[in-house]
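Start counting the sequence shown at 1; every next residue gets the next number (UniProt numbering).
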Amino acid sequence: MSTTAESTSSANQTTTGALSFANVGKRYGEGPFAMQGFDLEVSPGELVAIVGASGCGKSTVLRMIAGFESHSEGEITLDGKHVSSPGPDRGFVFQDYGLFPWLTVAENVELGPKEKGLPRVERRGLVEQYLDLVGLGRVRDKYPHQLSGGMQQRVAIARVLANRPTVMLMDEPFGALDALTREQMQSDLSRIRRSVGTTVLFVTHSIEEAVRLADRVVIMTGGLSHGIPGHIRRIFDVTLGTDRDPTSVEFTDLERLISQEVHAQA
Ligand SMILES: Nc1ncnc2c1ncn2[C@@H]1O[C@H](COP(=O)(O)OP(=O)(O)OP(=O)(O)O)[C@@H](O)[C@H]1O
Numbered sequence: 001m002s003t004t005a006e007s008t009s010s011a012n013q014t015t016t017g018a019l020s021f022a023n024v025g026k027r028y029g030e031g032p033f034a035m036q037g038f039d040l041e042v043s044p045g046e047l048v049a050i051v052g053a054s055g056c057g058k059s060t061v062l063r064m065i066a067g068f069e070s071h072s073e074g075e076i077t078l079d080g081k082h083v084s085s086p087g088p089d090r091g092f093v094f095q096d097y098g099l100f101p102w103l104t105v106a107e108n109v110e111l112g113p114k115e116k117g118l119p120r121v122e123r124r125g126l127v128e129q130y131l132d133l134v135g136l137g138r139v140r141d142k143y144p145h146q147l148s149g150g151m152q153q154r155v156a157i158a159r160v161l162a163n164r165p166t167v168m169l170m171d172e173p174f175g176a177l178d179a180l181t182r183e184q185m186q187s188d189l190s191r192i193r194r195s196v197g198t199t200v201l202f203v204t205h206s207i208e209e210a211v212r213l214a215d216r217v218v219i220m221t222g223g224l225s226h227g228i229p230g231h232i233r234r235i236f237d238v239t240l241g242t243d244r245d246p247t248s249v250e251f252t253d254l255e256r257l258i259s260q261e262v263h264a265q266a
C-alpha cells in the first residue's frame, strides 16, 4: 500500500500540481472587486506562501482555487484544467482544524478515501500511512477533543493527504498554536511536503513562517478598505536551502525586506 502511494507521490513531484492564475479577479456579489489582476504560476511541488495585510484577499485566493468561491474574471487552472468547483485533487487545511468531533482520528482520516469508494483494506492502508507520516499512529482510536491543538492539526493534514491531493491549501494553519508547537509543525510540514511532493499554497500573517517554509513568498496589498482591489505587490524567491536558520543574516535580511514591502503603502 505504502509503495503505491509513494510512487504516486513521486510522480507528483514532477508532473502534477501545476497551478496557474491568469488575471484573476473576485467581486463578492455586486460590490467592488475585492482582488483583481492576480497572475501567478505555481510549479508542481512548490510551496508558495502568501502574506499581506488583513483584507487584501489572501483567503479569497485560496477559496477560489479550492472551488469554494467562484472567480469573477480571469482563469484558474490546475494541471491545465479549469477550476470551478471543489474536488479531491485539492485539500484544504483550516486554522480551526475542521475535524469531525464524533469520529475518531482514524475515521476522520478515512473519510476522503471512503467517499471515493476505495475498498476497506486500501482505506486502512492510507490511514496508517498518513497517520504515521504525521507521527500520530498511536492515537488512531482517540477523539479530536482528547488531542492537543498541534495534534489535531496533524490529523487535519493527514486527512487531507489521505485523499492524495495534488495541491494542499493551508489558511493560517498554525495560527492558533503556541510558539513552540508552531515551530515543530513548521519543520514537520517541511519534512512532510518533501516526502509527498504536493504543491502547497500557504497563507500566513507571519513573515518569519513564510521565510522558513516557502520556495517563494507572494506579497499582496490593497483591498476593499484601501479603496483598491487586493493585488500582488511583489514576489520574493527564497533561496535559503532546506535547513533554514532564522537567526542567520541571510534569513533576517530577507525577512526585513519582505516586512518593508508588506508595510509599504498599498
Ligand atoms: N463572503 C464574502 N462576502 C463579502 N465580502 C467578503 C466575503 N469574504 C471576504 N470578503 C471581503 O473580501 C476582502 C478580502 O477578504 P479575505 O478574507 O480574502 O482577506 P484576507 O487577506 O484573507 O484577510 P485576513 O488576513 O484578515 O484573513 C475583505 O474585504 C473581505 O471583507
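Ideal placement from N, C-alpha and C gives every residue a C-beta, glycine not left out.
Which residues DSSP lists as bridging residue i, in chain order
i	result
M220	G52 and I232
T199	V167
D237	R216
L47	V200
DSSP state of residue i mapped onto helix, strand, coil
i	result
Q36	strand
T77	strand
E60	Residue identity differs from the one stated: residue 60 is Thr in this sequence, not Glu. T60: helix per DSSP, three-state reduction.
V262	helix
E41	strand
R15	The sequence as given places Thr at residue 15; Arg does not occur at that position. Correct three-state label for T15: coil.
F94	coil
V24	strand
H82	strand
T8	The predicted model places T8 with a pLDDT of 39, which falls under 50 and marks its position as unreliable; any figure quoted below should be read in that light. Reduced to three states, the DSSP call for T8 is helix.
K114	helix
F100	coil
H71	coil
Any C-beta of chain C under 8 Å from that of residue i
i	result
L213	Judged by its chain identifiers, the structure shown contains no chain C, having just a single protein chain.
Nearest-angstrom beta carbon gap, residue j and residue i [assumed within contact, 8 Å]
i	j	result
T60	A34	6 Å
V217	A53	About 14 Å separates the two Cβ atoms, so there is no contact after all.
L240	E255	Contact doesn't hold; Cβ gap of about 10 Å is too wide.
Y97	A179	Contact doesn't hold; Cβ gap of about 18 Å is too wide.
P165	G67	Not confirmed; about 12 Å, so no contact.
G87	G197	Actually they are not in contact, since the Cβ atoms of G87 and G197 sit about 19 Å apart, beyond 8 Å.
Nonlocal neighbours in the same chain, by C-beta distance under 7 Å from residue i, ignoring five residues either side
i	result
R193	L47 and V200
Q36	G25, P229 and H231
F100	N108
S7	Caution applies to S7, whose pLDDT of 37 falls short of 50 and renders its modelled position unreliable; the model cannot decide the point.
Y143	P101 and T104
L224	P32, A34 and G55
Between the CA atoms of residue j and residue i - distance to the nearest angstrom
i	j	result
A210	V51	8 Å
I235	A162	31 Å
E208	Q146	30 Å
V134	D89	20 Å
residue 276	G222	Because the chain in this structure spans residues 1 to 266, residue 276 falls outside the shown range and cannot be described.
T16	T77	12 Å
A106	V160	13 Å
F38	V24	5 Å
P113	A158	12 Å
D132	M170	20 Å
E172	K58	10 Å
M168	E183	19 Å
R191	E30	43 Å
R120	R140	16 Å
D253	E110	43 Å
D79	A18	5 Å
E115	H71	27 Å
S43	V262	24 Å
G74	G137	43 Å
S248	S259	16 Å
Same chain, Cβ closer than 6 Å to residue i, neighbours up to 5 away in sequence not counted
i	result
L177	G149 and G150
Cβ shell of residue i (< 8 Å), same chain only, five flanking positions each side left out
i	result
Y28	A34
Q186	F174, E209, R212 and L213
M64	V24, K26, S70, H71, I76 and V83
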